[in-house]
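Colleague: Got a structure here, written out as structure tokens. Questions coming.
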Amino acid sequence: MLTGKQKRYLRKEAHHLDPIFQIGKGGLNDNMIEQVQDVLEKRELIKIHILQNNMDDHKEVAESIAEQAGAELVQLIGNIIVLYKESKENKRLELP
Numbered sequence: 045m046l047t048g049k050q051k052r053y054l055r056k057e058a059h060h061l062d063p064i065f066q067i068g069k070g071g072l073n074d075n076m077i078e079q080v081q082d083v084l085e086k087r088e089l090i091k092i093h094i095l096q097n098n099m100d101d102h103k104e105v106a107e108s109i110a111e112q113a114g115a116e117l118v119q120l121i122g123n124i125i126v127l128y129k130e131s132k133e134n135k136r137l138e139l140p
């Protein structure tokens, strides 16, 4: 579980990132979850964009993808999800 200070740090680090994935009207699937896990292992911190045609509740989508990918939900602002998962081999970010 991340502390408030760690989340603030991660939000600052994620600010300049571009979203890597897009969740459309098809919603989440196993293939996307696997890809998210792979990218999180490489980068630790990613952004995901929820497209306008996705009618699911954004909060539920964000919590679901974080849970399934084994990641921490750093923030959800509008249509953008920020996820963090500590990498086992490619550790880049040093949390405060």
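Counting from 45, one number per residue, gives the positions in the sequence shown under our numbering.
Ideal Cβ placement from N, Cα and C applies to all residues, glycine included.
Here the structure is a predicted model, which means the values were calculated and not measured.
1) Is Gln96 helix, strand or coil by DSSP?
2) Quick check on Leu117: buried or exposed, where buried means 16 or more other Cβ atoms within 10 Å of its Cβ?
3) How far does the alpha helix (DSSP H) with Ile23 in it reach, from first residue to last?
4) Where does the unbroken beta strand (DSSP E) through Glu116 begin, and where does it stop?
5) Less than 8 Å between the CB atoms is what I'm expecting for Ser131 and Glu88, so what's the real figure, rounded?
6) Report yes or no: do the segment 52–70 and the segment 91–108 share at least 3 C-beta pairs separated by less than 8 Å?
7) Starting from Leu139, follow the beta strand (DSSP E) in both directions and report where the run begins and ends.
8) Per DSSP, which one or two residues make a beta bridge with Gln81?
Modeller: According to the data block:
1) Here residue 96 is taken as the residue at index 52 of the sequence shown, counted from 1. If DSSP states are grouped into helix, strand and coil, Gln96 belongs with coil.
2) Translated into the one-based positions of the sequence shown, residue 117 becomes position 73. Per the 10 Å Cβ criterion, buried.
3) Missing from the structure shown is residue 23; the chain here goes from 45 to 140 and no further.
4) As a position in the sequence shown, residue 116 is number 72, starting the count at 1. Note, Glu116: beta strand (DSSP E), Glu116 to Ile121.
5) Indexing the sequence shown from 1 puts residue 131 at position 87. Indexing the sequence shown from 1 puts residue 88 at position 44. Indeed they touch by this definition, with Cβ atoms about 5 Å apart.
6) yes
7) Taking the sequence shown and counting its residues from 1, the one referred to as residue 139 is at position 95. That residue, Leu139, is in no beta strand (DSSP E); it is neither H nor E in DSSP.
8) Start at 1 with the first residue of the sequence shown, and residue 81 comes out as number 37. DSSP output for Gln81 lists no bridge partner at all.
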